[in-house]
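Sequence lines, in order, name chains A and B. Each number in this note's numbering comes from the position in the first sequence (counting from 1) with 21 added on. Each number in this note's numbering comes from the position in the second sequence (counting from 1) with 21 added on. Built from N, CA and C at the ideal position, the CB exists for glycine as well.
There are 2 protein chains.
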Amino acid sequence: MSDKRRRRVPRQVREQQIIDMAVQVFARRGYHPASVDEIAELAGISKPMVYLYLDSKEGLFLACLRREAERLVAAFRKAARDVGPPELRLWAGLSAFFAFVTEHRDSWVVLHRQTSELSTAITAEVARARRAVMAEVTGLVRDGIAEATGSVRLGDEEADFVAHVLVGAADSLTDWMESHPDETPERVTRRLMNMVWVGMRNVLGGEFWEPPEPPRTPEAPPSEEAGEESTEG
Amino acid sequence: MSDKRRRRVPRQVREQQIIDMAVQVFARRGYHPASVDEIAELAGISKPMVYLYLDSKEGLFLACLRREAERLVAAFRKAARDVGPPELRLWAGLSAFFAFVTEHRDSWVVLHRQTSELSTAITAEVARARRAVMAEVTGLVRDGIAEATGSVRLGDEEADFVAHVLVGAADSLTDWMESHPDETPERVTRRLMNMVWVGMRNVLGGEFWEPPEPPRTPEAPPSEEAGEESTEG
DNA sequence: CTCAATTCTTACTCTGAAGTAAGTTTACCG
DNA sequence: CGGTAAACTTACTTCAGAGTAAGAATTGAG
């Protein structure tokens with residue numbers, strides 16, 4: 022502890038420090054305006070070290086992306102693993118998601134809010150990360166539905182639709198939580214489950230909503246399919 | 022038509038052409054990597070014209086932002102205005118939202134997917150645009166609930182929560198629609214309404230979902246070292 | 001036709017930041 | 001010790017792209 026005079030730090034450690042700071046700066050500024058100089062300075066070293074260890078700015082960003090995606094998926098999985106009933110696993114997973122996003126806002130921003138302004142290599146990795154998260158949710162949704170209904174099994178498309186709704190809602194609620202600091206991840210999750218899950222249960226149970234007679238639909242056949250929206254896969 | 026040789030174009034027209042191209046380029050590349058030169062070239066003029074008319078790159082982006090936000094809100098409002106029952110107005114509004122986002126993907130990307138990498142002036146305008154969209158949805162939700170339940174009136178917070186869920190889900194479903202080209206905005210909207218709206222009706226009617234386990238405190242878990250994640254590579 | 005306003009261009013300046021060459025210090029191993 | 005590899009630095013080069021100066025071409029009014 023008193024040995025803090027060690028300026029020299031082994032590569033493995035320094036790399037993580039660099040990535041730590043890079044996540045912060047990328048989240049704050051975005052990919053392009055973020056300068057490697059600033060990241061290096063925050064990490065307590067000079068720029069060439071960054072290039073020595075991470076190759077390029079793009080490589081640095083990819084490292085951030087991979088590490089944070091891994092962490093998020095890990096948190097999600099770990100939370101859902103030990104719980105028994107699928108319905109609860111979904112709840113635990115979403116809860117962990119909110120907790121993670123609340124605690125590591127920078128990670129989420131880097132993972133999610135960087136659609137454009139990126140080279141193809143990075144775009145591919147972002148897509149991969151998104152798919153990984155989405156796949157976790159999709160799995161939980163499918164299991165949860167099967168359990169809750171006892172018989173209904175969602176097709177890929179349905180489960181994917183639901184997963185998109187949940188992830189999108191969760192993302193948006195991340196913003197909402199910023200203006201409601203008293204809300205905990207658990208409370209938000211419960212509310213979301215209440216809105217979406219109860220609805221899904223009932224829809225699968227046969228309680229549909231549909232627009233009545235369209236008074237003046239511009240271009241849509243009125244009654245093509247009445248209530249067979251859900252179990253088509 | 023050889024008469025199309027009119028090189029000179031009045032300012033008002035040229036400005037719109039510039040903004041048209043700017044929206045495309047900003048959406049494709051993101052704010053910083055977008056070059057004013059490229060925008061100018063696509064608009065058929067040279068760079069100084071852009072600066073003469075729009076002041077700066079930031080001014081150009083702000084013009085894009087304002088115009089597209091106005092268009093989206095207008096589409097939303099117009100769709101919802103003529104319909105009678107609030108529940109249907111919500112449906113019409115969301116439907117218009119999907120239709121707009123499907124048709125004008127660039128507009129939506131510029132409006133929504135540009136969180137960081139922006140100066141404070143722009144950030145403020147983005148926030149404004151988001152709030153405008155959110156306020157529309159919130160209004161429809163509140164009316165819809167009041168109508169559907171007959172008595173329940175949502176507080177600001179509740180309505181805002183629901184609006185965030187809907188907008189976030191809609192945004193995410195925009196991605197989903199890309200891999201499902203046969204889906205129409207109407208069908209997607211109906212599915213979303215089925216998931217969210219039916220659930221909300223029932224929740225407000227007293228059918229709650231809650232985790233069976235009594236709320237175990239997130240801050241003080243009993244034993245947290247069950248499954249280790251030592252290997253992170 | 002003339003003149004003035006508007007539209008538009010060529011040809012710069014200048015800054016910030018990615019990436020690198022070449023060398024210097026520290027740590028550890030025998 | 002001494003020497004070697006790993007950790008680290010200073011001091012560049014290079015380039016893209018924002019922003020501008022100065023003036024040319026077009027149009028329309030009188």
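Cβ of L161(B) less than 8 Å from any chain A Cβ? Your numbering for residue 161(B) matches position 140 in the second sequence. So, not an interface residue.
At least one CB of chain A closer than 8 Å to the CB of M221(B): is that the case? Position 200 of the second sequence holds residue 221(B). Yes, M221(B) counts as interfacial toward chain A.
Starting from T205(A), trace the alpha helix (DSSP H) both ways and give me its first and last residue. As a working mapping, residue 205(A) is identified with position 184 in the first sequence. No alpha helix (DSSP H) holds T205(A); DSSP gives it neither H nor E.
Taking a cut of 7 Å between CB atoms, which residues from the stretch 55-77 of chain A lie near chain B? none
Please work out which residues of its chain come closer than 7 Å, Cβ to Cβ, to R88(A), disregarding the five sequence neighbours upstream and downstream, and give them in chain order. For the purposes of this step, residue 88(A) is identified with residue 67 of the first sequence, where counting begins at 1. The residues are I40.
Identify whether D181(A) lies in helix, strand or coil by the three-state DSSP scheme. Your numbering for residue 181(A) matches position 160 in the first sequence. The answer is helix: DSSP assigns D181(A) an H, G or I state.
Looking at the structure shown, is D41(A) part of a helix, part of a strand, or coil, going by DSSP? In the first sequence, residue 41(A) corresponds to position 20, counting from 1. Looking at D41(A) - three-state DSSP - the assignment turns out to be helix.
Report buried or exposed for L73(A), applying the criterion of at least 16 other Cβ atoms within 10 angstroms of its Cβ. Residue 73(A) sits at position 52 when you count from the first residue of the first sequence. When all chains shown are included, L73(A) counts as exposed.
From W129(B) to V122(B), what distance separates their C-alpha atoms? As a first step, residue 129(B) is located in the second sequence; it is residue number 108 there, counting from the start. As a first step, residue 122(B) is located in the second sequence; it is residue number 101 there, counting from the start. Rounded to the nearest angstrom, the two C-alpha atoms are 6 Å apart.
Min CB distance A190(A) to chain B below 8 Å: Taking the first residue of the first sequence as 1, we reach residue 190(A) at position 169. Taking Cβ atoms only, chain B reaches closer than 8 Å to A190(A), which makes this a yes.
Quick one: what's got a C-beta closer than 8 Å to M22(A)'s C-beta in the same chain, skipping five residues either side? As a working mapping, residue 22(A) is identified with position 1 in the first sequence. Because M22(A) sits at a pLDDT of 39, beneath the cut-off of 50, its placement in the model cannot be relied upon, and the following sentence gives the value as read from the coordinates. For M22(A), where only same-chain residues beyond five positions count, there are no Cβ hits under 8 Å.
Give a yes or no on whether 8 Å exceeds the smallest Cβ distance from D279(A) to chain B. No statement about residue 279(A) is possible, as the shown extent of chain A runs from 22 to 254 and does not include it.
What does the alpha-carbon distance come out to for the pair E199(B) and I66(A)? One-based indexing of the second sequence puts residue 199(B) at position 178. One-based indexing of the first sequence puts residue 66(A) at position 45. Their Cα atoms are separated by approximately 44 Å.
Counting only beta-carbon separations shorter than 8 Å, does H125(B) have a partner in chain A? As a working note, residue 125(B) is residue 104 in the second sequence. Judged by the 8 Å Cβ criterion, H125(B) is not in contact with chain A.
Would G114(A) and A95(A) be called neighbours here (beta carbons separated by less than 8 Å)? Indexing the first sequence from 1 puts residue 114(A) at position 93. Indexing the first sequence from 1 puts residue 95(A) at position 74. No, the pair does not count as a contact, with Cβ atoms beyond the cut-off.
Just to confirm, are G176(B) and A190(A) a CB contact at a threshold of 8 Å? For the purposes of this step, residue 176(B) is taken as residue 155 along the second sequence, with counting starting at 1. For the purposes of this step, residue 190(A) is taken as residue 169 along the first sequence, with counting starting at 1. No, the pair does not count as a contact, with Cβ atoms beyond the cut-off.
Closer than 8 Å at the beta carbon, the chain A residues around L213(B): Locating residue 213(B) in the second sequence gives position 192, where the first residue counts as 1. Neighbours of L213(B) on chain A, chain order: V186.
Buried or exposed (CB count within 10 angstroms, at least 16 for buried), P202(A): Position 181 of the first sequence, counting from 1, holds the residue named residue 202(A). Exposed, because fewer than 16 other Cβ atoms sit within 10 Å of the Cβ of P202(A).
My guess is that R110(B) and D181(B) are in contact by the Cβ rule of under 8 Å, so how many angstroms apart are they, rounded? In the second sequence, residue 110(B) corresponds to position 89, counting from 1. In the second sequence, residue 181(B) corresponds to position 160, counting from 1. Not quite, the Cβ-Cβ distance comes to about 18 Å (not below 8 Å), so this is no contact.
Within chain B, partners of W197(A) - CB distance below 8 Å: Here the question's residue 197(A) lines up with position 176 in the first sequence. In chain order: D181, F182 and H185.
Cβ separation of A259(B) and Q38(B), assumed to be a contact under 8 Å, to the nearest whole Å: Lying outside 22 to 254, the shown extent of chain B, residue 259(B) is not represented and no answer is given.
Cβ pair G220(A), V158(B) closer than 8 Å: Within the first sequence, the letter at position 199 stands for residue 220(A). Within the second sequence, the letter at position 137 stands for residue 158(B). No; because the gap between Cβ atoms is not below 8 Å, this pair is not in contact.
Going by the beta-carbon positions, is the gap between A57(B) and C85(B) smaller than 8 Å? Locating residue 57(B) in the second sequence gives position 36, counting from the first residue. Locating residue 85(B) in the second sequence gives position 64, counting from the first residue. The sequence given here places Val at residue 57(B); Ala does not occur at that position. For V57(B) and C85(B), no; Cβs fall outside 8 Å.
Measuring alpha carbon to alpha carbon, tell me which residue in F82(A), E36(A), V162(A) and R28(A) is nearest E108(A). In the first sequence, counting from the first residue as 1, residue 108(A) sits at position 87. Among F82(A), E36(A), V162(A) and R28(A), the Cα nearest to that of E108(A) is on V162(A).
Is S193(A) close to chain B, meaning its C-beta is less than 8 Å from at least one C-beta of that chain? Indexing the first sequence from 1 puts residue 193(A) at position 172. Closer than 8 Å to some Cβ of chain B, the Cβ of S193(A) qualifies, so yes.
If I follow the unbroken alpha helix (DSSP H) through S67(B), where does it start and stop? Taking the first residue of the second sequence as position 1, residue 67(B) is located at position 46. Note, S67(B): premise wrong, no alpha helix (DSSP H); not H, not E.
Check the Cβ-Cβ distances between P31(A) and every residue of chain B, and say whether any is below 8 Å. If you number the first sequence from 1, residue 31(A) lands on position 10. It does not; no Cβ of chain B falls within 8 Å.
Taking the alpha-carbon positions, what's the V183(B) to F118(B) distance? Locating residue 183(B) in the second sequence gives position 162, counting from the first residue. Locating residue 118(B) in the second sequence gives position 97, counting from the first residue. Each residue's alpha carbon lies about 16 Å from the other.
Got a sec, what are the start and stop residues for the alpha helix (DSSP H) W129(A) sits in? Numbered from 1 along the first sequence, position 108 holds the residue referred to as residue 129(A). From DSSP, the alpha helix (DSSP H) with W129(A) extends over R126 to H133.
With 16 other Cβ atoms within 10 Å as the buried cut-off, status of D103(B): Residue 103(B) sits at position 82 when you count from the first residue of the second sequence. Flag for D103(B) reads exposed.
Does DSSP put G189(A) in a helix, a strand or coil? Reading the first sequence from its first residue, position 168 is the one you call residue 189(A). Three-state result, G189(A): helix.
How would you write the range of the alpha helix (DSSP H) that L83(A) sits in, first residue to last? Here the question's residue 83(A) lines up with position 62 in the first sequence. Per DSSP, L83(A) belongs to the alpha helix (DSSP H) from K78 to R102.
Per-residue contacts from W129(B) into chain A (C-beta, under 7 Å): Along the second sequence, read from residue 1 onward, the residue named residue 129(B) stands at position 108. Residues of chain A passing the Cβ test: none, with the nearest at roughly 11 Å.
Pop quiz: L83(A) and E146(A) are said to be a contact at Cβ under 8 Å. What is the actual Cβ separation, rounded to whole angstroms? The count along the first sequence starts at 1 and reaches residue 83(A) at position 62. The count along the first sequence starts at 1 and reaches residue 146(A) at position 125. So it is a contact: roughly 6 Å between Cβ atoms.
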